[in-house]
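One rule links them: number in the working numbering = place in the sequence shown (from 1) + 527.
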Amino acid sequence: MAKPLIQLKQVSKSYGQEVIVKDINLSIYKGETIAILGKSGCGKSTLLNMIGGFDKPTSGTITMNQNEVKSPSKTCVMLMQDYGLLPWRSVQKNVELALEGLPLSRQQRSERALHYLKMVGLDDKLDALPHELSGGMQQRVAIARALAIQPEVILMDEPFAALDALTRYYLQDELVRLQHNEQATILLVTHDIEEAIYLADRIYLMESQPGRIFQEITIPKAKPRDRADRDFQHYRKLILEQFQTTHLDRLHN
């Protein structure tokens, strides 16, 4: 059996006396899309930051390719709600910025940036500045920039939360297509149940105070998925019931 690309063993994080996440165990395999689903404040972003090497666990271990994660790496990139585009740089130059530390010539950087901008449908906006683009287009630039590094892992911290529903659906479709083409491993944190079901191969349900994973749900259906499909609605109902049951259990304990 293949070994996990990313593995978390008994990972906990505290700030002073406050326990943010506790005893997290996860195994993520190459090419998977994994969603961590929970309410705001349950520690999802803290968990993502530790996997990316931006923060360290108080206890437990996180490994990637069987090496302990101790600092950020170009093999693992983060996408957030804030697109992080430099306002004075063009679309192409924003993508090329991520490549400047790599052993590539100027022409190679340009060609790779163009390749991924074509992939997200923005090859007609190469010279545009970020303020000239819609929010959805800006996020597509951020996705192209992340893919251009050719990372093994893409960490996504509610990247579509600030967008309107139609743009969000469009970008979810794009992400499914791009992930299939690039075979990247994606770890997404979200509080949107439908987004998790639409994108993920496996969903981990997370509760708060302290943040812990209480359920794993595998979504076996092929992608792209139909949000109106009976199976899709089955998983939506199942997840809602799991959160409601867990909430009631906490009230009674």
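Cβ atoms here follow ideal geometry from the backbone N, Cα and C, with glycine treated the same way.
Handout entry: Per DSSP, the bridge partner or partners of residue 594
Key = 591
Problem - 6 Å CB neighbourhood of residue 565 in its chain, flanking five on each side removed - result: 571 and 733
Exercise for the section: Can you say whether residue 633 is buried or exposed, counting buried as having 16 or more other CB atoms within 10 angstroms of its CB? Expected result: exposed
Practice task
Kindly indicate the opening and closing residues of the beta strand (DSSP E) around residue 548.
Solution key: 545-555
Exercise for the section: With DSSP as the reference, label residue 602 as helix, strand or coil. Expected result: coil
Practice task
Could you tell me the boundaries of the beta strand (DSSP E) in which residue 618 lies?
Solution key: Element bounds for residue 618: not the beta strand (DSSP E) but the alpha helix (DSSP H), 618-624.
Handout entry: Distance between residue 741 and residue 540 (C-alpha atoms, nearest Å)
Key = 17 Å
Exercise for the section: Taking only the alpha-carbon atoms, compute the straight-line gap between residue 706 and residue 588 and give it to the nearest angstrom. Expected result: 27 Å
Practice task
Might you give, ordered along the chain, the residues of its own chain that have their beta carbon closer than 6 Å to the beta carbon of residue 650, omitting 5 neighbours on each side?
Solution key: 644
Problem - DSSP-derived helix/strand/coil call for residue 784 - result: Here the chain has residues from 528 to 780 only, and residue 784 is not among them.
Problem - Pairwise C-alpha distance: residue 752 and residue 759 - result: 8 Å
Handout entry: Spatial distance of residue 621 from residue 768 (CA atoms)
Key = 43 Å
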